[in-house]
Structure formats: structure tokens, C-alpha cells
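Residue numbers (our numbering), protein chains in the order written: chain A, 4 to 361; chain B, 4 to 361. Built from N, CA and C at the ideal position, the CB exists for glycine as well. Since we're looking at a predicted model, the values are computed, not measured.
There are 2 protein chains.
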Amino acid sequence: MAEASVFPDFLAGVKAEVSNILDRYLTVAARQYRAVNVWGPDAAGRMRAFVRTGKMLRAGMVVVGFVAAGRRPGVATMRAGAAVELIQAGLLIHDDIIDRDLVRRGGPSLHVQYARLGRKSGALDAGHFGEGMGICLGDIALFMGFEILAGLPAASGPRAEILGLWSDDLCRVGLAQMQDLNFGQTSPDASEAEIRRLYINKTGRYTFSAPLRTGAILGGAEPGLKDRLAGLGEILGLLFQMRDDELGLYGRSADLGKPVGSDIREAKLTLFMRKLFDGAGPADRRRLARIFGNPGLDAAMIREVRAIAERSGAREALRLEMSRLRARAGRMIDALDVPPASRRRFYSLLDYVVERTK
Amino acid sequence: MAEASVFPDFLAGVKAEVSNILDRYLTVAARQYRAVNVWGPDAAGRMRAFVRTGKMLRAGMVVVGFVAAGRRPGVATMRAGAAVELIQAGLLIHDDIIDRDLVRRGGPSLHVQYARLGRKSGALDAGHFGEGMGICLGDIALFMGFEILAGLPAASGPRAEILGLWSDDLCRVGLAQMQDLNFGQTSPDASEAEIRRLYINKTGRYTFSAPLRTGAILGGAEPGLKDRLAGLGEILGLLFQMRDDELGLYGRSADLGKPVGSDIREAKLTLFMRKLFDGAGPADRRRLARIFGNPGLDAAMIREVRAIAERSGAREALRLEMSRLRARAGRMIDALDVPPASRRRFYSLLDYVVERTK
Chain A
4 MAEASVFPDF
14 LAGVKAEVSN
24 ILDRYLTVAA
34 RQYRAVNVWG
44 PDAAGRMRAF
54 VRTGKMLRAG
64 MVVVGFVAAG
74 RRPGVATMRA
84 GAAVELIQAG
94 LLIHDDIIDR
104 DLVRRGGPSL
114 HVQYARLGRK
124 SGALDAGHFG
134 EGMGICLGDI
144 ALFMGFEILA
154 GLPAASGPRA
164 EILGLWSDDL
174 CRVGLAQMQD
184 LNFGQTSPDA
194 SEAEIRRLYI
204 NKTGRYTFSA
214 PLRTGAILGG
224 AEPGLKDRLA
234 GLGEILGLLF
244 QMRDDELGLY
254 GRSADLGKPV
264 GSDIREAKLT
274 LFMRKLFDGA
284 GPADRRRLAR
294 IFGNPGLDAA
304 MIREVRAIAE
314 RSGAREALRL
324 EMSRLRARAG
334 RMIDALDVPP
344 ASRRRFYSLL
354 DYVVERTK
Chain B
4 MAEASVFPDF
14 LAGVKAEVSN
24 ILDRYLTVAA
34 RQYRAVNVWG
44 PDAAGRMRAF
54 VRTGKMLRAG
64 MVVVGFVAAG
74 RRPGVATMRA
84 GAAVELIQAG
94 LLIHDDIIDR
104 DLVRRGGPSL
114 HVQYARLGRK
124 SGALDAGHFG
134 EGMGICLGDI
144 ALFMGFEILA
154 GLPAASGPRA
164 EILGLWSDDL
174 CRVGLAQMQD
184 LNFGQTSPDA
194 SEAEIRRLYI
204 NKTGRYTFSA
214 PLRTGAILGG
224 AEPGLKDRLA
234 GLGEILGLLF
244 QMRDDELGLY
254 GRSADLGKPV
264 GSDIREAKLT
274 LFMRKLFDGA
284 GPADRRRLAR
294 IFGNPGLDAA
304 MIREVRAIAE
314 RSGAREALRL
324 EMSRLRARAG
334 RMIDALDVPP
344 ASRRRFYSLL
354 DYVVERTK
């Protein structure tokens with residue numbers, strides 16, 4: 004179990020450095036945008052508070068990719084990590100509006116913060132006001148991320164490659180988010196294969212493949228290594244999202260920063276849910292249909308879903324798929340041409356992705 | 004009156020070239036993103052239809068800035084223009100969600116198109132589904148714009164300068180949009196000076212200053228000219244937005260692509276509205292208060308607002324301010340160190356901004 008803390012410790016180190024960069028960047032932004040209007044420093048302040056609460060896993064991936072190329076990370080790596088965290092913040096702010104998530108990382112989502120502000124200031128429609136302000140703040144976080152990427156202290160070749168990578172990848176993330184929205188609303192019959200592809204496009208890319216490749220580009224890795232890291236990132240993304248599905252039902256809300264069962268309440272079609280519906284008998288399927296998307300979801304219903312997950316074999320099937328993917332990721336790590344310390348880091352990352360509790 | 008068509012003719016020429024670039028880019032995107040999911044080609048198709056309906060004023064400004072630097076526009080200029088049009092599309096798609104505008108350029112707004120699709124496919128909450136899809140599409144348009152800017156066929160110095168310019172400027176546009184939302188909802192007492200500053204930050208920057216500067220950077224203009232063009236852009240932005248205010252009450256809905264009076268129905272605090280409230284007597288002010296933000300706004304109410312605009316002197320005050328700004332812009336054009344053909348183009352642009360009917 005000592006191994007389990009190796010990766011979180013590494014991440015904490017990255018977070019300390021990247022937080023400093025973000026703090027400085029957002030302090031300058033607050034000063035600079037004070038001239039625009041009062042919302043400039045307000046936005047910078049909210050963003051600073053928001054990025055601080057993250058694990059900074061994506062910034063960590065930039066560092067991991069850089070180290071894989073055999074280099075010691077410096078200021079360009081950490082700045083790229085900061086950019087990726089701002090982009091992640093922008094996507095999450097928009098996602099919370101789209102998914103109507105009121106809680107994020109244990110606090111009110113950004114659009115909820117603005118809705119409260121609107122209510123206090125007498126906005127005609129505080130809910131919509133909050134969403135509008137949140138759309139703007141998400142846009143601003145994305146622009147800030149691109150600004151840092153465009154100004155990375157690196158040669159113009161790698162810088163252009165990184166900008167091209169992110170703008171293309173983020174288009175794909177946007178399309179995956181559209182598909183996710185449809186799985187919940189208009190296409191409840193999506194297959195396991197479709198959901199896996201969604202996980203790769205939505206989580207795999209911007210959480211693992213793109214940050215790993217970004218680090219590798221900055222580190223001057225040869226093209227083969229960059230591609231292998233991106234391929235490994237897809238598998239890590241799948242595993243990460245499957246662990247997310249599992250934690251959504253079996254985790255602790257204090258760890259998750261949101262209520263257990265929120266996926267079920269929001270009728271979110273996860274891979275776990277797909278296996279659950281497909282593995283359950285007719286009577287259990289009827290029970291699930293009453294619970295799935297039920298706004299009055301309570302602890303008894305969550306216990307019932309857990310019981311169905313056990314007796315239908317859905318949880319076992321999820322665990323089995325995760326074990327196989329973990330073994331596959333291990334083989335991919337073994338095949339990487341990277342320094343020994345980097346290989347150990349990839350193994351601790353893999354442990355973390357599968358075993359994390361938050 | 005022959006003069007009035009000089010600038011629209013120029014713009015039509017730019018539009019033809021930029022449309023070709025956008026068509027090609029979005030055709031490739033549709034093919035490439037088909038591998039992600041069905042929403043890839045769908046998004047590219049909707050975007051192609053949307054950008055085609057624009058005047059492409061912002062792409063025109065990139066060309067005007069380039070020509071001011073004494074150069075003949077080539078492929079880099081037109082590609083930059085295409086990027087700016089995609090960024091504009093992303094901002095408009097988000098704006099229409101924020102402002103609840105159902106109609107844009109004579110057709111349903113993008114989020115309304117998606118809401119209809121959701122309704123047909125049985126979405127649980129088609130309105131919110133449409134907004135969620137629209138947020139994603141707006142993000143994608145912004146990423147595409149940045150992708151084209153990052154890949155401009157230009158030296159790395161100017162390319163980095165352009166990317167830095169747009170990411171900073173778009174942060175400011177986002178903050179101005181936040182302020183605009185507050186003027187409508189929580190701060191109905193904003194002063195004329197505050198509204199003017201909003202116009203400069205919201206419209207002036209991304210419609211005029213940033214595209215003009217982009218063209219000038221590509222054309223290798225010296226710093227002094229770039230700054231003077233950006234300064235002129237702010238005045239043009241003010242004039243453009245004031246003309247918008249005026250057309251919102253006196254224009255023809257067929258020209259505007261949206262109903263006359265929509266600003267009034269949506270309780271949007273424009274500079275014209277500010278002058279109207281401030282110039283009206285007590286009885287007229289009470290009449291205005293009943294009409295402003297009234298969802299049942301009809302033709303009789305619009306006639307009443309027009310009558311109040313005349314007798315309060317608000318329209319005259321608006322026209323006077325526009326005349327003064329026009330003279331100031333003329334002096335700024337005279338002071339530019341640009342080729343004679345470029346100076347004539349600036350004058351035809353100024354005529355267009357003040358006299359346009361759509």
C-alpha cells in the first residue's frame with residue numbers, strides 16, 4: 004500500500020510548482036483586466052480559487068511526458084502544465100452548465116456562484132444569468148490557456164506543434180461532449196463500444212494523450228515515442244473513466260467532492276450503467292429503470308443499485324475489463340523506450356489511475 | 004450614393020475568397036471528425052452554413068490592415084480572415100445562448116436548431132439540450148479559429164504576436180460580455196461613459212482593432228501604425244455599435260435578420276436607450292418603463308418609443324455624437340501614414356460603418 008502514495012506525492016510536487024505559476028499569472032491578469040471592468044479581477048479571483056482545488060493530474064501528465072523524453076522538467080514544462088489546467092478549468096465550467104452539476108470539487112460550480120450573485124443583485128432570471136456568466140468565464144479560461152501555450156518559452160517548431168495538437172484535440176473533446184449529452188438525452192441505447200470510444204475521445208485525449216504528448220514535444224522526443232505515449236494515454240483514459248464510474252456508485256462523497264450516485268440521478272449513461280442494464284434480469288431491469296434519472300434518488304435506492312450490480316455480475320464484468328486493460332497498459336509501458344525512473348513513474352501512474360479513491 | 008456601395012463591394016470580394024477557404028477547411032474537418040462521431044460532420048455542416056451568411060466584415064478588416072501596411076494581400080491574409088470569422092461564429096453562438104436570441108441572420112440560432120433536433124429525438128429537456136450542444140459548438144468554432152491562426156503561413160514572430168493578441172483580446176471581450184449581461188440584469192443604471200467603454204471592449208476590439216492589427220502584423224507594419232490602427236478601430240467600434248442601436252429601432256427586420264425592437268424587448272441597455280431614458284420627461288419615462296423589457300412588445304409600442312426618441316431629443320443626441328466621432332475618425336485616417344488607395348478604403352469603411360442599413 005506504500006506504493007499507492009508514490010504517484011499522489013509526485014502530483015503534489017507538480018501542483019505546488021504549477022499553482023505558483025497560475026497564482027502569478029492570475030494576479031497579473033487581475034491587475035491588467037481591472038482596466039476593462041470590475042469583472043476582470045472578479046473572474047481572475049474565482050479562477051484562482053477554482054484551479055487551486057484541482058489534483059492537477061493533467062499538469063502532472065505534461066511532466067511525465069517530458070521526463071519520458073529523458074529530460075529534467077524546467078519552466079517551459081510547468082508553464083505548459085499551467086496552460087493545460089486552465090483549459091481543463093474552462094471545459095469543466097462549461098460542462099457543469101451543460102450537465103447541470105451544481106457542485107464541483109466540494110464547492111458550488113462556477114455558474115452557481117454567479118447565479119447566487121445575480122440573485123443578490125436582483126437579476127431578472129438569476130439561473131440564466133449564472134449560466135451566461137459561466138459561459139463567459141469558461142471562454143476566458145480557454146483563452147488564457149491558449150495565451151500561455153502561445154507564449155511558451157520554447158522553440159517555434161514545438162510551440163506550433165503543441166498549439167496545433169490542442170486546437171485539434173479540443174475540437175474532438177467538444178464533439179465527444181456533444182455525444183455524451185446525446186447518450187443521456189436522445190440515445191439511451193448506445194452500445195458498450197460507443198461508450199468506450201466516447202471515453203477515449205472525451206477523457207483519454209485531454210487528460211492523458213494530449214498532455215503526455217505536450218510534454219514529449221517539449222522534451223524533444225522522437226515521433227515514435229510521442230505516438231506510443233498518446234496510445235497509452237487512450238488506455239489510461241478508459242481506465243480512469245471506468246474507475247470514475249465505479250467510484251460514482253461505491254466512493255465516498257467527501258472524497259468525490261459531489262454526492263454519490265449523481266450519475267444515476269442525472270441519467271448519465273456510463274459504461275458501468277450499460278453493463279448493469281444489460282446484465283440485469285427483467286425484474287431488476289424494471290427496478291433500475293425506476294431509479295435511473297430519478298430526481299428523488301436516496302440512500303436505499305443506491306443500496307439497491309449496488310445489490311443489482313453484484314447479482315447481475317456487472318461489477319465483476321467491469322473489474323474484469325479493468326484488469327485486462329491494466330495488463331495491456333503494463334505491456335505498453337514495458338515496450339516504451341524511456342529511462343528506468345520514467346518507467347517506474349508510469350507504473351505508479353497506472354496504479355493510481357486504477358486504485359484512486361478520489 | 005454611389006460611394007455607399009464601394010465598401011460593400013470590397014467586402015463581397017473578400018467574402019468570396021474567405022468563403023472558399025472556410026468551405027475547404029470545414030470539408031476537411033467534416034471528413035476528419037467523422038471518425039470521432041456523427042456530430043463531427045454535423046457540426047462542420049452547420050458551421051459552414053452559418054459562416055456563409057455573415058458579411059465577413061472582420062475578415063475584411065484583416066485585409067484592410069494588411070493593405071495599410073503597403074502590401075498586396077495573399078493566402079496568409081485570407082486564412083487569418085477565415086480564422087477571425089470562425090472566432091466570431093463561436094462568440095455569436097455563445098452570445099445567442101446568453102442573450103436568449105432565437106433568431107440570427109434571418110434563421111434560427113444554432114442552439115435553437117439543436118433544441119429542435121432534441122425535441123424530434125425525444126430529449127428529456129430539449130431547450131437545455133440545445134443550449135448544451137450550442138456551448139459545445141461555440142467552443143469548437145473558437146478552437147478551429149485558433150487552429151488556423153496557429154498554422155498561418157507566416158514567420159513565427161508575427162504568428163506568435165497574432166496568437167497573443169487574440170487570446171488577450173478575447174479575454175477582454177468575454178469580460179465585456181459579462182458586463183453587458185449585468186447591464187441588462189443587475190446594473191440597469193450604467194452611465195453613458197460605462198456603456199461607451201463596453202462598446203469599445205465588446206465590439207471595437209474584436210470587430211475592428213484586433214483584425215486591423217492582425218492584418219498590419221502580417222503585413223509587417225511598424226509598431227506606430229499598428230497602434231494607430233487599433234486606436235481608429237476603437238472609434239469605428241463605437242460608431243458601429245451606435246449605428247446598431249439606431250437600426251435596432253429604425254431598421255427593417257428583413258435587413259437586420261431579426262425583429263425590429265428586439266433590444267427593447269430583451270431590456271438591453273444600449274447607449275441609445277440610456278439617452279432615451281435620460282432625455283425623456285417623467286410621463287414619457289413611465290411609458291418607456293412599461294415598454295422596456297416587455298415580452299408583448301408590438302408595433303404600436305415601437306412607434307411610441309420612436310416618438311419619444313424624437314421629442315426627448317435622444318435621437319438627435321445620438322446623431323450628434325455619431326457626427327463628432329465620424330469627424331474624429333476622419334482626422335485619424337488623415338494622420339495615417341498609408342498608401343493613397345488604403346486611405347480611400349478607410350474612408351469608404353467609415354461611410355459604411357455609419358450609413359449601413361444592415
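- A direct Cα-Cα distance of roughly 29 Å separates A:G223 from A:L328.
- B:F132 belongs to the set of residues whose beta carbon lies under 7 Å from a beta carbon in chain A.
- In the DSSP annotation of this structure, the continuous segment of the alpha helix (DSSP H) that includes A:K229 starts and ends at 226-253.
- Contact check for B:K205 against B:A233 fails: the beta carbons are separated by 7 Å or more.
- About 26 Å separates the beta carbons of B:G207 and B:G160, which is beyond the 8 Å limit, so they are not a contact pair.
- Under the three-state reduction of DSSP output, B:G110 falls in the strand class.
- In this structure, B:I311 lies near B:D287, with their beta-carbon atoms less than 7 Å apart.
- With respect to B:G133, B:Y117 sits close: the two C-beta atoms are nearer than 7 Å.
- Put simply, the backbone Cα of A:G77 is about 24 Å away from that of A:S8.
- In this structure the segment 212-220 of chain A lies against the segment 63-73 of chain A, because at least three pairs of beta carbons, one per stretch, are closer than 8 Å.
- Taking 9 Å as the upper bound on Cβ-Cβ separation, chain B lies near no residue of the segment 311-328 of chain A.
- Short of 7 Å from the beta carbon of B:Q182, and not among the five residues preceding or following it, lie these beta carbons of its own chain, in chain order: L201.
- When C-alpha distances from A:M245 are compared across A:A86, A:D128, A:L166, A:I198, the shortest belongs to A:I198.
- Only residues of its own chain outside the window of five on either side were considered, and among them V21, I24, L25, Y28, A62, I151 have a CB closer than 8 Å to the CB of A:A85, listed in chain order.
- In terms of CA proximity to A:A72, A:L221 leads the group A:L221, A:G135, A:G236.
- Counting C-beta pairs closer than 8 Å gives fewer than three between the segment 331-339 of chain B and the segment 270-288 of chain B, which falls short of the contact rule.
- Under the 10 Å beta carbon count, A:L127 is surrounded by fewer than 16 other beta carbons and is classified as exposed.
- The beta carbon of B:V115 lies closer than 6 Å to those of L105 in the same chain, with the five residues before and after it left out.
- For B:L95 and A:A32, the gap between their C-alpha atoms comes out near 25 Å.
- Leaving aside the five residues that flank B:A157 on each side, the residues in its chain whose CB is nearer than 7 Å to its CB run, in chain order, A79, L221.
- Here the alpha carbon of B:G296 sits roughly 33 Å from the alpha carbon of B:V87.
- A:K278 counts as buried, since no fewer than 16 other beta carbons sit within 10 angstroms of its beta carbon.
- Here B:L178 carries a helix assignment [DSSP, helix/strand/coil].
- For the pair A:G93 and A:G141, the CB atoms are nearer than the 7 Å cut-off.
- Under the three-state reduction of DSSP, B:A330 is assigned to helix.
- Residue contact with chain B for A:S22: absent (no Cβ-Cβ distance below 7 Å to any residue of chain B).
- Here DSSP, grouped into helix, strand and coil, assigns A:S194 to coil.
- In the three-state reduction of the DSSP assignment, B:D340 falls in the coil class, being assigned neither a helical nor a strand state.
- In the structure shown, the three-state DSSP call for A:A283 is coil.
- Following the DSSP letters along the chain, one finds B:Y209 in no alpha helix (DSSP H), marked with neither H nor E.
- The C-beta distance from B:D301 to B:T273 rounds to 20 Å, too long to meet the 8 Å contact threshold.
- For A:L89, the number of other beta carbons within 10 angstroms of its own is at least 16, and it is reported as buried.
- Using a Cβ-Cβ cut-off of 8 Å, A:G167 is close to E150, A153, G154 of chain B, given in chain order.
- At least one CB atom of chain B sits nearer than 7 Å to the CB of A:V39.
- For A:Q182, the neighbours in chain B by C-beta distance under 9 Å run, in chain order, V39, N40, V41, W42.
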